[in-house]
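A.B. asks: Taking the numbering used here, the leading residue of the sequence shown gets 4, the next gets one more, and so forth.
Glycine is no exception: its CB is placed at the ideal position from the N, C-alpha and C atoms.
Computed from a predicted model, the values in this text were never measured in an experiment.
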Amino acid sequence: MKKPPKWISRFLEWYCDPDLLDEIAGDALELYHRRSTERSKWYADVFFFRDILGYLRLTNIKKPKKFMNPLKNLILFRSFMKIGLRNITRHYIINSISILGLALALGIGITSLIFYDVQVNMDEFHSKGNRIYQITQVREGAKIEGNTPALLGSSVLADLAIVERMTRIERRGAYVKYRNDTFEERVAFVDPDFLRIFDFPMISGNEFGLAQKSAIVISYEMAKKYFANEDPIGKEMQMMFSETHQANFVVTGVMDKYSDYASFYFDFYIPFENLASFQNEVDWGTLTHATFVLAKPNTNPSELKEGLSQYLTPINKNSKEKSITDFKLYPLFEISENCREIAGSVSFTAPAFTRISLAVIALMLIALAVFNFINISIASYAKRLREIAVRKVIGSNRKQIIFQFFTESFLLCLFSFMLGIYLSLAVFTPGLNYLIPLRIPSGFSSLPFMAISLSCLFAGIVAIVGIYPSTYISRFSSSHILKGITKFKRNSFFSRLMLAGQFILAFITIVGCFVFTSHTLALFEKDWGYEAKDVLMVRTVRLSQMELMRNAMMEDAQVKTLAISMNSHVGAHNPTASFQYDNKAYESVSYFVDENYHKVLGLNLKQGRWFDGTQVDFDQSVIVNEAMVQEMNWIDPLNMEVEYQGKKRKIIGVVEDFHYRSFHSPIRPVLFFGLHEDTPSSLYYLSIKSASNDLHGLQLKTQLLWDEIAPDEPYTGMLQEDAFEAFYEETEASTVILLIISSIAIILACLGLFGMFSFTIQRRLKEFSIRKVLGASPLSIVHQVSKTYVIIILIALFVGAPIGYLMINKLLSIMYPERMETGLSPFLLAIAITVGTVTITILGQVLRAVKVNPTENLRGD
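1. Looking at Glu644: is its Cβ nearer than 8 Å to the Cβ of Lys653?
2. Just checking, does the region 828-836 make contact with the region 529-536 on the three C-beta pairs under 8 Å criterion?
3. Between the Cα of Val838 and those of Phe211, Phe730, Ile513, spot the shortest distance and give me the residue it belongs to.
4. How about Gly605 and Leu641: are their beta carbons less than 8 Å apart?
5. Only counting runs of 4 or more residues, tell me where the alpha helix (DSSP H) segments fall wholly within the region 756-844, in order along the chain.
6. CB-CB under 6 Å to Gln407, same chain, minus the five flanking residues each way: which ones, in chain order?
7. Enumerated in chain order, which unbroken segments of the beta strand (DSSP E) with a length of 3 residues or greater are wholly contained in the region 470-554?
8. Can Arg189 and Leu297 be called in contact, C-beta distance under 8 Å?
9. Give the secondary structure of Thr114 by DSSP, where H, G and I count as helix, E and B as strand, and everything else as coil.
10. With 8 Å as the threshold, decide whether the Cβ of Asn321 is near any Cβ in chain D.
11. So, helix, strand or coil for Gly310, using DSSP?
12. Using the C-alpha atoms, what's the distance from Val430 back to Glu148?
13. In its own chain, which residues sit with a C-beta less than 6 Å from the C-beta of Ser481, not counting the 5 before and 5 after it?
14. In or out: Cys459 buried (at least 16 other Cβ within 10 Å) or exposed?
15. With distances taken Cα to Cα, identify the nearest neighbour of Val538 among Ile338, Thr564, Ser380.
16. For Arg60, name the three-state secondary structure that DSSP assigns.
17. What would DSSP say about Gln215, mapped onto helix, strand or coil?
18. Going by DSSP in three states, Lys854 sits in which element: helix, strand or coil?
19. Does Met71 pass the burial test, meaning 16 or more other C-beta atoms within 10 Å, or should it be called exposed?
20. To which residues does DSSP link Arg174 through a beta bridge?
21. To the nearest whole angstrom, what separates the beta carbons of Leu457 and Ile744, a pair I think is in contact under 8 Å?
22. Here's the rule: buried if 16 or more other CB atoms are within 10 angstroms of the residue's CB, otherwise exposed. What is Arg493?
23. Leaving aside the five residues before and after Ile470 along the sequence, list all residues of the same chain whose C-beta is less than 8 Å from its C-beta, in chain order.
24. Rounded to a whole number of angstroms, what is the C-alpha to C-alpha distance between Ile455 and Phe447?
25. Considering Phe431, what are the terminal residues of the alpha helix (DSSP H) in which it resides?
26. Find out if the Cβ-Cβ distance for the pair Phe197, Ala218 is shorter than 8 Å.
27. For the alpha helix (DSSP H) that contains Thr705, what are its first and last residues?
28. With a threshold of 16 other CB atoms inside 10 Å of the CB of Asn321, please say whether the residue is buried or exposed.
29. Curious, which full-length alpha helix (DSSP H) runs of at least 4 residues does the region 564-621 contain?
30. Hey, Tyr594 and Phe661: beta-carbon distance below 8 Å or not?
31. How many angstroms separate the CA atom of Ala575 from the CA atom of Met631?
32. How should Ala560 be labelled, buried or exposed, when 16 other C-beta atoms within 10 angstroms of its C-beta is the threshold for buried?
33. Considering only residues of the same chain and omitting the five flanking positions on each side of Leu107, which have a CB-CB separation below 6 Å?
34. Can you tell me the Cα-Cα spacing of Ser39 and Phe376, whole angstroms?
35. Skipping 5 residues on each side, what residues in its chain have a beta carbon closer than 6 Å to that of Leu105?
What follows is the structure, encoded as structure tokens:
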């Protein structure tokens with residue numbers, strides 16, 4: 004007899020009132036059989052479906068079940084909570100493993116979320132931020148510069164009615180003195196409206212604190228540094244900016260502690276008009292570091308940009324560099340995000356690459372922890388099958404079983420979440436602040452964002468780790484469990500997939516970490532391109548001080564060679580300069596040095612010669628590096644001339660390329676100019692090559708000599724080897740972070756393996772007992788229990804290890820223009836450590852299977 008499609012019958016059963024189901028189904032089947040006999044089965048199927056749809060009426064639909072009394076719901080929920088807490092405490096060891104693993108990953112995830120929050124909400128605390136713009140100029144070649152003419156700000160305020168206020172920012176170094184304390188500091192020259200445009204909170208003073216030329220506003224940290232517990236207001240501070248420029252200032256305001264969401268801030272603020280007195284001449288060619296404007300309400304930015312076009316002509320007329328082709332406006336809330344595309348930006352924030360990397364790492368660890376949690380949950384629930392069977396026998400349905408185990412997962416996740424928040428705020432966030440030069444707050448920018456973010460993260464994890472284990476374990480029949488004939492799949496595909504995923508991620512992270520660490524160690528041995536060893540540098544602001552220091556050190560037997568440079572020194576100050584070649588403007592790193600500079604630093608001449616020390620040679624010659632020759636496509640550079648500040652200079656030498664910043668930065672073209680008696684300078688560098696190995700003793704001598712020459716000024720000496728200390732510290736911090744992450748990754752993966760392996764051993768104890776009775780050897784039992792996991796780990800190894808190796812090599816190529824070759828040793832070492840850790844993890848469980856006692860396990864059968 005022909006039968007209708009089952010899915011149509013099930014659809015009828017799903018919506019039809021049980022009291023009417025038999026009658027409606029009978030009528031429909033009678034019509035179906037008549038049509039299938041008279042016509043065809045296909046015809047009968049179509050009309051059977053039409054009949055079932057026709058019965059879909061309000062009177063035939065199932066009546067909704069009455070909802071339980073809210074009080075009963077509450078009692079049931081409290082019961083589930085009590086049982087869940089009791090089971091968690093009963094199996095505290097394995098549950099502690101789940102909680103700790105998930106908490107570690109959540110701690111890093113929450114830290115990553117806080118880091119993302121602070122980076123995307125930079126400067127949001129400024130109430131007028133939607134009307135504040137930084138004016139930048141676009142130079143020929145599409146280079147965006149934060150530096151703008153000093154006259155631009157005042158002209159914009161005077162000429163454009165849509166501009167309400169304006170401030171310029173110029174950063175300078177200065178010696179700051181109060182009573183007997185003198186320190187070298189960074190000072191910001193700003194216009195008085197700076198305090199009215201931006202909303203930096205103040206402890207003392209007000210927004211008119213910079214109205215007087217002799218006024219100064221200081222930060223909270225500087226108030227503590229110079230005045231301790233005194234009231235700074237009204238106190239006088241002395242500043243020396245150069246040998247000929249000194250001034251006294253009266254403290255009129257003290258800033259409060261800066262917000263963690265501030266992308267720029269300074270320690271000292273003095274009126275911009277003081278800068279004008281330090282300049283010989285201020286014109287459209289005089290640049291300042293930044294210009295901000297506050298537009299009037301409802302101003303269209305395009306109007307402001309259009310009004311700026313009138314200043315292109317005077318700027319280019321007074322500029323000796325590449326022409327300015329356009330202006331670009333950056334809203335305040337977008338400056339930190341785009342600060343790396345603005346040359347000389349006053350704003351600072353972490354690059355997008357850092358945020359993405361941290362987010363990816365956090366997601367990988369959370370995925371590892373979730374896989375681990377699910378595997379351990381299934382392993383622990385498998386030991387409670389009889390409990391499930393008894394609960395079903397006494398009346399519990401599958402939904403209640405699911406809800407019970409889901410409640411336990413919820414509680415475990417809740418404890419993990421609470422511990423994760425604590426780890427994030429007390430361990431990971433302070434740790435990151437210690438390791439990297441960024442400030443991460445211990446909280447979110449707003450309560451709603453925090454609530455939404457944490458709630459979504461918590462709900463998502465609870466749903467993932469709670470649904471699968473509870474639905475999987477609740478499906479078994481109570482009769483089968485009590486009869487002992489329940490058959491778990493030896494290893495469900497989903498569980499194996501999760502375990503493979505865990506180890507793929509683990510291999511990716513640990514291989515990547517070891518390759519990165521190996522590369523870092525190689526960087527410590529990498530040649531900078533010059534001899535930094537046994538070189539000491541002392542910086543002064545007065546020519547007379549430098550000359551006294553040089554004359555005294557020349558007579559010291561411990562000194563091998565001395566050299567002088569102005570406003571520049573390799574690794575300490577690497578300014579840029581514009582020059583012309585073939586009627587085109589170019590830009591390069593520039594150094595103003597004497598005839599001994601290359602000897603002190605050990606710069607290697609590739610072609611030609613160094614300066615001979617005569618003033619004529621200094622005036623008419625220039626030395627370049629290999630990068631300059633390559634960029635300019637010169638075949639015979641010694642026959643070339645470049646123009647600098649209107650004078651032709653012949654190239655007399657080519658030095659080998661050297662690193663003047665860090666290994667992160669590519670080597671750019673470099674020009675060495677000779678010292679000129681008329682070269683204006685605010686900084687002088689005395690480089691000293693030691694004739695002995697006692698460099699620290701030589702440094703102590705220079706410090707004592709400095710105390711005699713300038714007793715009221717701080718000593719600013721530095722070992723040349725310390726010029727790149729910040730780079731090495733950053734690299735070491737990155738390595739430490741990766742090592743921690745890799746350790747957490749391998750721990751989580753091994754915890755998941757431990758859970759799955761325990762589950763397998765527990766399930767197959769009787770099987771191993773029977774095999775042992777029948778004469779199976781320990782080796783064969785080991786093979787039976789571990790072969791599946793060995794295959795999974797091998798697959799993860801062959802998938803994850805190459806991916807990790809390729810990914811970290813790609814990352815290193817992005818980070819370092821000249822990356823070091825590390826070979827396969829870190830790759831193989833990472834694999835060996837991972838495999839060794841896995842072996843130790845499962846060794847105890849393997850021994851348990853080998854030592855199984857058949858008498859104890861088969862006694863009841």
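C.D. replies: Inspection of the coordinates gives the following:
1. With contacts defined as CB atoms closer than 8 Å, Glu644 and Lys653 qualify as a contacting pair.
2. Three or more Cβ pairs closer than 8 Å define a contact, and the region 828-836 falls short of that threshold against the region 529-536.
3. Nearest of Phe211, Phe730, Ile513 to Val838, Cα basis: Ile513.
4. No; because the gap between Cβ atoms is not below 8 Å, this pair is not in contact.
5. DSSP runs (the alpha helix (DSSP H)) wholly in the region 756-844: 768-776, 781-818.
6. Taken in chain order, the residues that qualify are Phe83.
7. Along the region 470-554, the beta strand (DSSP E) occurs as fully enclosed runs of 3 or more residues at 538-543, listed in sequence order.
8. It is not a contact, given that the beta carbons lie outside the stated cut-off.
9. In the displayed model, Thr114 falls within a helix according to three-state DSSP.
10. Here there is only one protein chain, and chain D is not present.
11. Helix at Gly310.
12. Cα to Cα, the separation comes out at about 39 Å.
13. Taken in chain order, the residues that qualify are Ala392, Lys395, Val396.
14. By the neighbour-count rule (16 or more Cβ atoms within 10 Å), Cys459 is not buried but exposed.
15. When Ile338, Thr564, Ser380 are compared, the shortest CA-CA separation from Val538 is found for Thr564.
16. Look at Arg60 here: in three-state DSSP terms it is coil, with no helix or strand label.
17. Gln215: coil per DSSP, three-state reduction.
18. Lys854: coil per DSSP, three-state reduction.
19. Residue placement at Met71 cannot be trusted, given a pLDDT of 47 that sits under 50; the coordinates are not used to answer.
20. DSSP lists Ala191 as partners of Arg174.
21. Between Leu457 and Ile744 a beta carbon distance of about 22 Å is seen, past the 8 Å cut, so the two are scored as non-contacting.
22. Only weak support is given to the placement of Arg493: the predicted model assigns it a pLDDT of 46, under 50, and the value that follows is read from those uncertain coordinates. Per the 10 Å Cβ criterion, exposed.
23. In the same chain as Ile470, and ignoring 5 residues on each side of it, the C-beta atoms closer than 8 Å to its own belong to Phe409, in chain order.
24. Each residue's alpha carbon lies about 11 Å from the other.
25. Annotation for Phe431: no alpha helix (DSSP H) segment contains it, and DSSP assigns it neither H nor E.
26. Contact flag unset, no.
27. Segment 698-712, the alpha helix (DSSP H) holding Thr705.
28. With fewer than 16 Cβ atoms within 10 Å of its Cβ, Asn321 is classed as exposed.
29. Here the runs fully enclosed are 600-604.
30. No. Outside cutoff.
31. Inter-residue distance for Ala575 and Met631 is about 21 Å (C-alpha atoms, whole angstroms).
32. By the 16-neighbour rule on beta-carbons within 10 angstroms, Ala560 is exposed.
33. The residues are Ile747.
34. Taking the straight line from one Cα to the other gives about 54 Å.
35. Here Leu105 has Ala372, Phe376, Ser419 as same chain residues with Cβ atoms under 6 Å from its own Cβ, once five neighbours each way along the sequence are excluded.
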